[in-house]
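Protein chains in written order, with our numbering: chain F, 25 to 209; chain C, 25 to 209; chain W, 338 to 578.
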């Protein structure tokens with residue numbers, strides 16, 4: 025199938041958690057302003073609150089798919105009953121950084137892991153497993169320091185961070201000194 | 025508006041991170057099995073790959089809304105992410121072992137393939153396609169047993185492992201007799 | 338390309354392969370740490386890439402050549418061991434039983450089925466690629482999440498032992514002249530079988546070593562057969578028809 029302008033916009037709206045403005049929508053879909061406007065009109069009808077459980081909203085920042093408020097009950101029940109999605113390997117690594125090396129800044133987490141970890145940190149804060157527990161006043165811009173939360177301890181069934189095996193039993197002294205170098209850099 | 029069964033299901037599907045099975049969907053929406061089945065039929069048509077940029081898939085034992093692969097280009101541009109690199113031959117073989125012969129140990133995978141497969145197994149666990157699903161208590165050292173994951177099922181477009189053709193049907197009798205001939209010569 | 342007068346002579350050699358692109362030294366590290374499968378590294382391309390980037394007149398060219406020949410032959414050994422399960426099993430100390438023809442047939446049949454299943458999976462993955470899930474997920478209710486503590490410690494081990502690639506943006510791109518030695522061997526084979534000694538008669542030590550590496554790689558690909566009638570006797574390269 026050759027996707028129509030409506031199809032392209034729908035798909036991009038599904039993978040965007042927040043509102044998308046027209047320039048971003050245009051650069052992703054390759055559609056002209058006119059094509060987009062016609063397509064968005066059709067989609068507004070398709071995803072109208074009178075007929076659909078998913079609605080297309082034109083909010084301040086742009087366009088966004090949301091659940092229909094009329095379905096809020098079902099959505100809330102789902103949220104209460106659903107087993108949360110398991111954490112990714114990346115998320116476990118960020119938690120390990122905070123547990124064993126924390127409190128530490130976002131930048132330090134990224135340096136230790138070797139990849140930008142801001143998105144993973146954000147998701148973990150949203151899930152309550154990680155929190156900003158202080159400020160690094162030494163560093164430029166005084167970035168926040170991250171640590172694991174009581175909820176993290178509860179989720180792992182531990183009573184304190186001492187319940188975890190010591191770092192020295194997990195990695196060699198050379199590896200550890202490399203990690204500290206990266207933290208300091 | 026009083027939401028229809030389709031509306032309720034759509035809304036719940038939008039907020040679910042993975043495929044939802046029928047019991048979970050029923051408990052969130054309060055719909056009976058019959059009502060759900062009728063509604064899902066209608067939604068399958070509404071979100072059909074021929075007409076929609078968002079498609080309804082029946083994978084990994086549940087239902088999920090995803091983007092239509094025909095729109096993948098726009099989605100990848102929007103997320104500024106390339107599609108993950110395709111798996112290697114070795115990786116496909118290891119997954120085939122886990123799918124058809126699993127749950128099985130790393131050692132058993134290596135024996136079937138004739139080469140050490142530990143690195144491939146590790147990479148597949150990282151990608152979430154393979155997981156340690158138990159322990160072989162009979163074997164020395166109680167090695168972990170590997171199996172394919174729901175993510176594997178979703179990535180192969182299968183509802184369950186029963187969707188795959190039986191292993192014996194993949195090889196023709198002619199091929200088998202050629203193996204025996206070659207060994208005899 | 339710049340050359341360091343001393344230290345690691347190959348530190349500025351970068352490679353561009355399908356499976357990896359970056360410093361050669363890091364390729365070796367990744368292979369040795371089992372993070373990249375030697376199986377998937379095309380050694381012939383690697384050799385071609387080195388030959389293409391080689392600067393005859395560089396101050397440390399001899400040192401570089403020697404280092405490359407050394408590491409490349411180690412890779413060849415590693416790859417041949419990976420491809421030969423017999424050696425693998427022996428090295429691990431297990432499985433020294435001799436298989437009966439029936440057992441062998443059973444094993445090969447099993448492997449053939451797995452091979453076919455792998456091909457089927459490749460098709461399934463390809464035809465299902467590009468389905469991206471909804472990003473409109475709601476955060477789960479606090480307290481419902483379970484985190485396995487052993488996965489956290491495993492992640493610690495993984496993250497803290499990982500080697501991180503140094504930035505390479507300051508290194509200029511290397512233009513690779515393709516497959517010099519491999520195509521030289523192919524051209525020579527057009528005239529029929531040729532002895533390794535004659536093929537490499539006018540070469541220096543390094544080129545001879547690299548030509549051998551290229552010949553092995555071509556043999557593995559099925560372009561040629563290496564024949565050696567007597568152990569340690571003369572080696573002949575024969576085109577495969």
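From the three backbone atoms N, C-alpha and C, an ideal C-beta is built for every residue, glycine too. No experiment lies behind these values; they were computed from the predicted model shown.
At least one CB atom of chain C sits nearer than 7 Å to the CB of residue 25(F). Judged by beta-carbon spacing, residue 78(F) lies within the 7 Å limit of residue 34(C), meaning their Cβ atoms are closer than that value. In the three-state scheme derived from DSSP, where H, G and I count as helix and E and B as strand, residue 91(C) is classed as strand.
In the DSSP annotation of this structure, the continuous segment of the beta strand (DSSP E) that includes residue 576(W) starts and ends at 573-576. In terms of Cβ geometry, residue 149(C) and residue 87(C) do not form a close pair [threshold 7 Å]. Within 9 Å of the CB of residue 89(C), the CB atoms of chain F belong to 38 and 78, in sequence order along the chain. At least one C-beta of chain W is nearer than 7 Å to the C-beta of residue 119(C). Residue 156(F) carries a strand assignment under DSSP once its states are collapsed to helix, strand and coil.
When CB distances to chain W are screened at a threshold of 8 Å, not a single residue of the stretch 57-71 of chain F falls below it. If you draw a 10 Å sphere on the C-beta of residue 196(F), you find fewer than 16 other C-beta atoms in it, and that means exposed. Short of 8 Å from the beta carbon of residue 200(F), and not among the five residues preceding or following it, lie these beta carbons of its own chain, in chain order: 191 and 192. Around the beta-carbon of residue 114(C), 16 or more other beta-carbon atoms lie within 10 Å, marking it buried. For residue 171(F), the uninterrupted beta strand (DSSP E) segment begins and ends at 168-172.
In the assembly as shown, residue 186(F) is an exposed residue. Its beta-carbon has fewer than 16 other beta-carbons within 10 Å. Taking 7 Å as the cut-off, the beta carbon of residue 98(F) is found no closer than this to the beta carbon of residue 66(C). For residue 563(W), no alpha helix (DSSP H) run applies; the uninterrupted beta strand (DSSP E) run containing it begins and ends at 561-564, by DSSP. Residues of the stretch 459-476 of chain W with a C-beta less than 7 Å from any C-beta of chain F: 469, 471, 472, 473, 475 and 476, listed in chain order. In the DSSP assignment, residue 81(C) falls within the beta strand (DSSP E) that extends over 78-83. Around residue 384(W), the same chain offers 409, 518, 519, 547, 550, 551 and 554 as residues with beta carbons nearer than 8 Å, after the five sequence neighbours per side are excluded. DSSP places residue 50(F) inside the alpha helix (DSSP H), whose first and last residues are 46-53. Contact annotation: the stretch 53-62 of chain C does not touch the stretch 127-139 of chain F, with fewer than three C-beta pairs closer than 8 Å. For residue 366(W), none of the residues of chain F pass the 7 Å Cβ criterion, the least Cβ distance being about 13 Å. For residue 564(W), same chain residues with a beta-carbon under 7 Å away, outside a window of 5 residues either side, are 573 and 575 in chain order. For the stretch 192-204 of chain F, there are no residues whose beta carbon sits under 7 Å from a beta carbon of chain C. Interface criterion not met: the Cβ of residue 450(W) is under 7 Å from no Cβ in chain F.
If you draw a straight line from the Cα of residue 533(W) to the Cα of residue 399(W), it comes to about 23 Å. Residue 522(W) and residue 536(W) have their alpha carbons spaced roughly 8 Å apart. Using beta-carbon distances, residue 129(C) does not count as an interface residue toward chain W, since no partner is under 7 Å. C-alpha of residue 347(W) to C-alpha of residue 415(W): approximately 20 Å in a straight line.
Not one beta carbon of chain W lies nearer than 7 Å to the beta carbon of residue 184(C).
Contact between residue 357(W) and residue 367(W) holds, since their C-beta atoms are separated by about 7 Å, short of 8 Å. Here residue 165(C) is exposed. Its C-beta has fewer than 16 other C-beta atoms within 10 Å. Straight-line measurement puts the Cα of residue 463(W) at about 42 Å from the Cα of residue 392(W). Here residue 360(W) is bridged, per DSSP, to 351(W).
What residue 486(W) touches in chain F, judged by beta-carbon distance under 8 Å, is 180, 181, 182, 187 and 188, going in chain order. Annotation: Cβ neighbours of residue 99(C) in chain F (cutoff 7 Å, chain order): 35, 36 and 39.
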